[in-house]
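In the numbering used here, the protein residues as written are 308 to 815. Glycine included, every Cβ here is placed at the ideal spot set by N, Cα and C. Here the structure is a predicted model, which means the values were calculated and not measured.
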Ligand code: NOJ
């Protein structure tokens, strides 16, 4: 019989032991300030805030199809049809950005709003006009637009042609990006090509959680990642070959979380390496390492597992030498999204978790989130700010001191003004960031996620990450500042973290 008392004791022991062991988070850094040229921003993405799903000639996205055809798909039964209504209320959004005092607004361009069929045979003038207005209004208010070209809303027609499993996606996305650069590149100078390859490919093509909800964890997952790298490289080259005179920068956004071995064993140390190889370096190594290509560790693990399973070739299809060259070096900075940290381990129990060929089985790592150091009221964000510090130091060493833009970070909380856990989360992460900057990590921007509560994909509005709360029951979609908005505003104004600043609702 399982003895719950003993398990609890063991968990407490693991927690205390590890908290002491990895504790580099040294209290609030009140001696340092964010450098004068350091940028603060806030982010959203098109499908999560725009609404207007059938307004202004927008075509069908893959998400529309899954949401409308499967009433069970979104956990809380909400939809993205109106969302924060940013399609109609972008001027309200700009008012919020001004209120916060941010420098940068990171948003994405809806592919089906610009190209309703996915391909440039027809370019929707109303879609172009919408983003022109948004960009012009931002600039008129002294705000810098930072655009994600692909944030997961694939045109339905291209999904039907195979989406991220079809190598043609590099050409499709390239054609879309060309339209985007042509129309907006005179005013937009920072381009983020594709958001979070690991999340895109694991949720969409391995676990079947995001559309197209395909479950091919041993093959499709890797094919998707391979095509993301080729498509990203194509967007980079199109920009630098055809639009160089616009003078902007291009990068792919990685999602990364730090990993720590549960014990000091050799196996757990290997588990750390493999966790990072599969979740981050699979995508970062081909771009940032001097030799390019996938990390050898990944090639070996998937190759060996494939051959043991009787496959004639590795399920991780190799790049040709031309492709390796084409991808290598295609980033003007390192764009990082990070939210959490994991404890990882390797023992026999891990093998039993995965009966079929899958990337989890190839990786052969068990993992769970590090218990909170700074908290976050989220269902899934376990904020461990030390993890960010360690991750930034790791990236500096691993990728030869890249310029880093921290493009996403945040947490969710309960409804209401007093989102105390989220406030703690932001303070903790920004504090860790300040320590990393003091250590010489070249981080130039921090972008909070998100401006207001967004449609959190398959979780609908169960996860509330906004600095501003969104009233989804009111057709006018009013928004209200939370405490985290005021705290972030004060950090931006003073350029430091004051743990005692304790604003009330009318302090804005
Ligand atoms: C990752 C994604 O980029 C964004 O769309 C999502 O809302 C947040 N992280 C939180 O899950």
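Could you check if residue i is buried or exposed, using at least 16 other CB atoms within 10 Å of its CB as the buried criterion?
i           : result
residue 423 : buried
residue 747 : exposed
residue 801 : exposed
residue 375 : exposed
residue 809 : exposed
residue 807 : exposed
residue 447 : exposed
residue 627 : exposed
residue 511 : buried
residue 316 : Only weak support exists for where residue 316 lies, its pLDDT of 42 falling under 50; the coordinates are left without a value.
residue 474 : exposed
residue 466 : buried
residue 695 : buried
residue 590 : buried
residue 656 : exposed
residue 355 : buried
residue 814 : exposed
residue 658 : exposed
residue 729 : buried
residue 350 : buried
residue 601 : buried
residue 387 : buried
residue 396 : buried
residue 429 : exposed
residue 328 : For residue 328, the pLDDT reaches just 29, beneath the cut-off of 50, and the residue's location in the model is therefore unreliable, although a value from the coordinates is still provided. Looking at its Cβ environment, which holds fewer than 16 other Cβ atoms inside 10 Å, residue 328 is exposed.
residue 707 : exposed
residue 622 : buried
residue 507 : buried
residue 517 : buried
residue 649 : buried
residue 664 : buried
residue 742 : buried
Any heavy atom of the ligand NOJ closer than 7 Å to the Cβ of residue i?
i           : result
residue 772 : yes
residue 756 : yes
residue 490 : no
residue 728 : no
residue 761 : yes
residue 589 : no
residue 816 : Since the displayed the chain opens at 308 and closes at 815, residue 816 lies outside it and no answer follows.
residue 357 : no
residue 715 : yes
residue 467 : no
residue 765 : no
residue 776 : no
residue 506 : yes
residue 503 : yes
residue 707 : no
residue 600 : no
residue 644 : yes
Whole-angstrom Cβ separation of residue i and residue j, contact assumed at under 8 Å?
i           : j           : result
residue 735 : residue 692 : 4 Å
residue 673 : residue 634 : About 31 Å; that fails the 8 Å criterion.
residue 774 : residue 789 : 6 Å
residue 391 : residue 670 : That pair is no contact at about 37 Å.
residue 732 : residue 740 : Going by Cβ atoms, the distance from residue 732 to residue 740 rounds to 12 Å, so no, they are not a contact pair.
residue 653 : residue 727 : That pair is no contact at about 37 Å.
residue 712 : residue 751 : 6 Å
State yes or no: is the beta carbon of residue i nearer than 8 Å to at least one beta carbon in chain B?
i           : result
residue 762 : Chain labels in this structure do not include chain B; a single protein chain is all it has.
Taking only runs of the alpha helix (DSSP H) that begin and end inside the segment 647 to 708, which ones reach a length of at least 4 residues, in chain order? 655 to 660, 666 to 670 and 692 to 705
Is the number of C-beta pairs between the segment 582 to 601 and the segment 547 to 563 that are closer than 8 Å three or more? yes
Counting Cβ pairs closer than 8 Å, one from the segment 698 to 709 and one from the segment 536 to 548, do we hit at least three? no
Given 8 Å, three or more beta-carbon pairs between the segment 641 to 652 and the segment 561 to 573: yes
Within 8 Å, do at least three Cβ pairs link the segment 403 to 417 to the segment 378 to 391? no
Along the chain, which unbroken stretches of the beta strand (DSSP E) at least 3 residues long are found entirely within the segment 761 to 812? 775 to 777 and 786 to 788
Stretch-stretch touch, CB-based, cutoff 8 Å, three pairs: the segment 427 to 436 with the segment 450 to 468: no
Spell out a yes or no on whether the segment 489 to 502 and the segment 521 to 531 are touching, meaning 3 or more CB-CB pairs, one atom from each, closer than 8 Å. no
Can you list, in chain order, the stretches of the alpha helix (DSSP H) that have 4 or more residues and sit fully within the segment 333 to 411? 353 to 356, 369 to 376 and 393 to 407
Report the start-end ranges of each alpha helix (DSSP H) in the segment 573 to 660 that is 4 residues or longer and not cut off at the edges. 573 to 583, 589 to 595, 603 to 615, 628 to 634 and 655 to 660
Is the segment 767 to 775 in contact with the segment 719 to 732, if contact means three or more CB pairs nearer than 8 Å? yes
Jot down the residue ranges of each uninterrupted beta strand (DSSP E) in the segment 471 to 538, minimum 3 residues, whole runs only, in chain order. 497 to 502
Meets three-Cβ-pair contact criterion under 8 Å: the segment 391 to 411 and the segment 749 to 764: yes
Ignoring anything shorter than 4 residues or poking outside the segment 412 to 439, list the alpha helix (DSSP H) runs there in chain order. 418 to 421
Stretch pair the segment 531 to 543 + the segment 477 to 494: three plus CB contacts closer than 8 Å: yes
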